[in-house]
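Participant:
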Amino acid sequence: MTTHEIYGDFPEDLPDSDQFLVISFSPSSIPLKQRWRNNGLSADFMADYLTTFFPVDEDNPQSVARQKELRAGVSYIANELLENAMKFHDEKTEDAIKFGIRLLENTVVLFSSNCVSSETWLKFKTIINNLITCDLEELYVAQLEKLAEDENSKASGLGLITIMNDYGATLGWKIEKDQETNDLITINTIAKLVV
Numbered sequence: 000m001t002t003h004e005i006y007g008d009f010p011e012d013l014p015d016s017d018q019f020l021v022i023s024f025s026p027s028s029i030p031l032k033q034r035w036r037n038n039g040l041s042a043d044f045m046a047d048y049l050t051t052f053f054p055v056d057e058d059n060p061q062s063v064a065r066q067k068e069l070r071a072g073v074s075y076i077a078n079e080l081l082e083n084a085m086k087f088h089d090e091k092t093e094d095a096i097k098f099g100i101r102l103l104e105n106t107v108v109l110f111s112s113n114c115v116s117s118e119t120w121l122k123f124k125t126i127i128n129n130l131i132t133c134d135l136e137e138l139y140v141a142q143l144e145k146l147a148e149d150e151n152s153k154a155s156g157l158g159l160i161t162i163m164n165d166y167g168a169t170l171g172w173k174i175e176k177d178q179e180t181n182d183l184i185t186i187n188t189i190a191k192l193v194v
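Each residue of the sequence shown is one higher than the last, beginning at 0 in numbering that gives the first Met the number 0.
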């Protein structure tokens, strides 16, 4: 039996869309940590794919600027979600990391799914709770101060804070726990960006 918890803005039933792209990364072919340098390429590919639905009107400079801004935002958000999924994925599982993008009317939905250990989940749960309960500006400053004090600090959640603070996206998580494999937890993350 699987149980789940929802945090933040995670719609359980997204409307259907014909416009979507999903990439899956299997940990069995090449270790995920070795693919780290390719995350930016995958994120840029997602952003480039999306821009085909927002064509540029050469006679309208605003459409050029809008497409550039959208591409940059989607690329940043996609890269952050993918990096987190890769970085925290439990290498003991054969489950693939899933990563994708959907276009719903005026909203871009980026999503990732990965498995983590219960120990990793407890640490991440603290980050999520801070994101959904604390003032983002204060949290952002606190994380920057941690970085300034200790260069080796991981400044947990700084990328997620940036997604919400700088890009105005909403974040949500669906956490799935399989009672039979109690130590393995699936984290489904969604970022929604209104365009």
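We treat Cβ as the ideally placed atom computed from N, Cα and C, and that holds for glycine.
Taking a contact to mean a Cβ-Cβ separation below 7 Å, would you say LEU80 touches THR188 in this structure?
Facilitator: Yes, the Cβ-Cβ distance between LEU80 and THR188 is below 7 Å.
Participant: Is there a Cβ from chain E that is less than 7 Å from the Cβ of GLU136?
Facilitator: Structure shown: chain E not included; a single protein chain is present.
Participant: Tell me whether ILE162 sits in a helix, a strand or coil according to DSSP, three-state version.
Facilitator: In the structure shown, ILE162 sits in a helix (DSSP, three-state: H, G or I).
Participant: Please state the DSSP three-state secondary structure of GLU82.
Facilitator: Here GLU82 sits in helix by DSSP.
Participant: Count the other CB atoms, across all protein chains shown, that sit within 10 Å of the CB of ILE127; report buried if there are 16 or more and exposed otherwise.
Facilitator: ILE127 should be labelled buried.
Participant: Does the Cβ of PHE110 lie closer than 6 Å to at least one heavy atom of the ligand GTP?
Facilitator: This structure does not include the ligand GTP; it has no bound ligands of any sort.
Participant: According to DSSP, simplified to helix, strand and coil, what is SER62?
Facilitator: SER62: helix per DSSP, three-state reduction.
Participant: Between which two residues does the alpha helix (DSSP H) harbouring ASN113 extend?
Facilitator: Premise fails: ASN113 lies in the beta strand (DSSP E), 106-116, not in any alpha helix (DSSP H).
Participant: Would you call the segment 165-185 in contact with the segment 141-151, where contact means no fewer than 3 C-beta pairs closer than 8 Å?
Facilitator: Touching, no.
Participant: Express the C-alpha separation of THR169 and LEU103 in angstroms, rounding to a whole number.
Facilitator: Using only the alpha carbons, I get a separation of about 15 Å.
Participant: Are three or more beta carbon pairs between the segment 5-25 and the segment 125-143 nearer than 8 Å?
Facilitator: Short answer: they touch.
Participant: Mapping the DSSP letters down to three states, classify VAL193 as helix, strand or coil.
Facilitator: Looking at VAL193 - three-state DSSP - the assignment turns out to be strand.
Participant: How should LEU157 be labelled, buried or exposed, when 16 other C-beta atoms within 10 angstroms of its C-beta is the threshold for buried?
Facilitator: Classification of LEU157: buried, given that the 10 Å Cβ count is 16 or more.
Participant: Counting pairs of Cβ atoms below 8 Å between the segment 75-94 and the segment 9-19, do you hit three or more?
Facilitator: In short, these stretches do not touch, since the Cβ pair count stays below three.
Participant: Mark GLY167 as exposed unless 16 or more other C-beta atoms lie within 10 angstroms of its C-beta, in which case mark it buried.
Facilitator: Exposed, because fewer than 16 other Cβ atoms sit within 10 Å of the Cβ of GLY167.
Participant: From ALA141 to GLU57, what does the alpha carbon distance come to, in whole angstroms?
Facilitator: Distance between the alpha carbons of ALA141 and GLU57 is about 43 Å.
Participant: At which residues does the alpha helix (DSSP H) containing GLY39 begin and terminate?
Facilitator: Its alpha helix (DSSP H) spans residues 38-50.
Participant: What residue does the beta strand (DSSP E) around VAL21 start on, and which one ends it?
Facilitator: 19-24 is the extent of the beta strand (DSSP E) around VAL21.
Participant: Using only CA atoms, which one of PRO10, VAL193 and THR92 lies nearest to VAL107?
Facilitator: If we check each option's Cα against that of VAL107, VAL193 comes out closest.
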